[in-house]
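In the UniProt record's numbering, the protein residues as written are 1 to 369.
For reference, the structure is listed below as structure tokens.
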Ligand SMILES: CC(C)(COP(=O)(O)OP(=O)(O)OC[C@H]1O[C@@H](n2cnc3c(N)ncnc32)[C@H](O)[C@@H]1OP(=O)(O)O)[C@@H](O)C(=O)NCCC(=O)NCCS
């Protein structure tokens, strides 16, 4: 795990930011974009308004020295990413994504429904990168006056020699107050009744259900179990509930499985706690053992601690469910107990008991550093 921290910028960071900005130059030169490579970086004073507004975040190394930053302003009343920059020596650690997440978390908590930016359409670490992080291209006809003016200014500076575009990230909560969560490989969408056919596919696989029921669910059982959960409003106010995961952001992306935070086998409608929540997952067998369950779950853990404000997240599984325990370990959860329970119709392995793992908000934050 990266030892970099993300924090709001301070005064003494500003002199270091132009060099970080300039460090990306050679990448653009390598792509044949000398005009962009030669543009002088903004001076330290240019960062002052964002610093004062609290919308400048840095990622800092172990010596607390910034190696990347995101600067956010306001355009058309929405937060706008003016600049995202990570020193190329620190590439490949998801620092850009984490900086954007910090900005998004702030934007959501400030009540904004979307965030915008403008970028190069075809430069791999620009348009395609943002698309992987869940941003979508804004058609020219939908640009507000501020974004249209920003695009015009870019054209006037000659930047459109390489196609540029405006993009937005939707921040508004989906059905039930649950946001869409994105990771490099997984898009988590709030589960609704339209996803019921996908859940049929999952629960009809006896191997997927081995440690849950010991056999496939029948179609009637699947409807009876999932339909009320797809429509369950009880976690709504807190942004908790069920999500379905897809391999990518676009329509038609492959269905991976589901993840949940806060609700589990408890009956729909039962109380949801505001301070602690259970996490769970179930993936289509074709996608096992690629780190996808862990990747989606990590986004949910982040959502739980950063946005919902949970203090503790726990998970339970049969002691013999090595895969689920693997995900728990990968999330940095601690094994807290093993309990052998009495069951009417025990599944194979029940004699080894059920294990509970947990992670507190403090442990999670420490793990990020
Ligand atoms: C549990 C489940 C979601 C895991 O999905 P996954 O995407 O394969 O998990 P990941 O690839 O993220 O693996 C996480 C860790 O578990 C390990 N792991 C995964 N499957 C494993 C298995 N069958 N045996 C041993 N370890 C396993 C991985 O190697 C990885 O460990 P690492 O961090 O040391 O590399 C999936 O197996 C599943 O859907 N099972 C059926 C439903 C279920 O049992 N749900 C949980 C009920 S509590």
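No residue lacks a Cβ here, since even glycine has one placed at the ideal position from N, Cα and C.
Since this is a predicted model, take the numbers as computed values, not measurements.
Around the Cβ of residue i, are there at least 16 other Cβ atoms within 10 angstroms (buried) or fewer (exposed)?
i: residue 265; result: Here residue 265 scores only 49 on pLDDT, less than 50, and its place in the model should not be relied on; the value that follows carries that caveat. Looking at its Cβ environment, which holds fewer than 16 other Cβ atoms inside 10 Å, residue 265 is exposed.
i: residue 165; result: buried
i: residue 9; result: buried
i: residue 179; result: buried
i: residue 141; result: exposed
i: residue 19; result: exposed
i: residue 344; result: exposed
i: residue 151; result: buried
i: residue 190; result: buried
i: residue 207; result: exposed
i: residue 183; result: buried
i: residue 193; result: exposed
i: residue 85; result: buried
i: residue 71; result: buried
Any heavy atom of ligand 1 within a distance shorter than 7 Å of the CB on residue i?
i: residue 314; result: no
i: residue 326; result: yes
i: residue 183; result: no
i: residue 282; result: yes
i: residue 294; result: yes
i: residue 357; result: no
i: residue 317; result: yes
i: residue 374; result: This structure does not reach residue 374, given that the chain is present from 1 up to 369, and the question cannot be answered.
i: residue 227; result: no
i: residue 208; result: yes
i: residue 212; result: yes
i: residue 257; result: yes
i: residue 343; result: no
i: residue 330; result: yes
i: residue 289; result: yes
i: residue 322; result: yes
Under DSSP, the beta strand (DSSP E) around residue i begins and ends at which residues?
i: residue 137; result: 136 to 138
i: residue 329; result: Where residue 329 is concerned, there is no enclosing beta strand (DSSP E), although the alpha helix (DSSP H) it sits in stretches over 322 to 330.
i: residue 260; result: 255 to 261
i: residue 62; result: Note, residue 62: premise wrong, no beta strand (DSSP E); not H, not E.
i: residue 114; result: 114 to 120
i: residue 276; result: 276 to 283
i: residue 190; result: 187 to 190
i: residue 22; result: Note, residue 22: premise wrong, no beta strand (DSSP E); alpha helix (DSSP H) at 17 to 22.
Let me check understanding here. Comparing Cα to Cα, which of the options lies closest to residue i?
i: residue 320; options: 166, 211 and 312; result: 211
i: residue 358; options: 292, 25 and 315; result: 315
i: residue 27; options: 126, 341 and 218; result: 126
i: residue 79; options: 101, 293, 248 and 296; result: 101
i: residue 68; options: 74, 94 and 76; result: 94
i: residue 132; options: 145, 96 and 147; result: 96
i: residue 167; options: 155, 290, 143 and 334; result: 143
i: residue 112; options: 160, 170, 332 and 158; result: 170
What residue range is occupied by the uninterrupted alpha helix (DSSP H) comprising residue i?
i: residue 221; result: 219 to 230
i: residue 308; result: No alpha helix (DSSP H) holds residue 308; DSSP gives it neither H nor E.
i: residue 90; result: Counting along the chain, residue 90 falls outside any alpha helix (DSSP H), and DSSP gives it neither H nor E.
i: residue 415; result: The requested residue 415 does not occur in the structure, where the chain is confined to residues 1 to 369.
i: residue 337; result: Not the alpha helix (DSSP H): residue 337 falls in the beta strand (DSSP E), residues 334 to 339.
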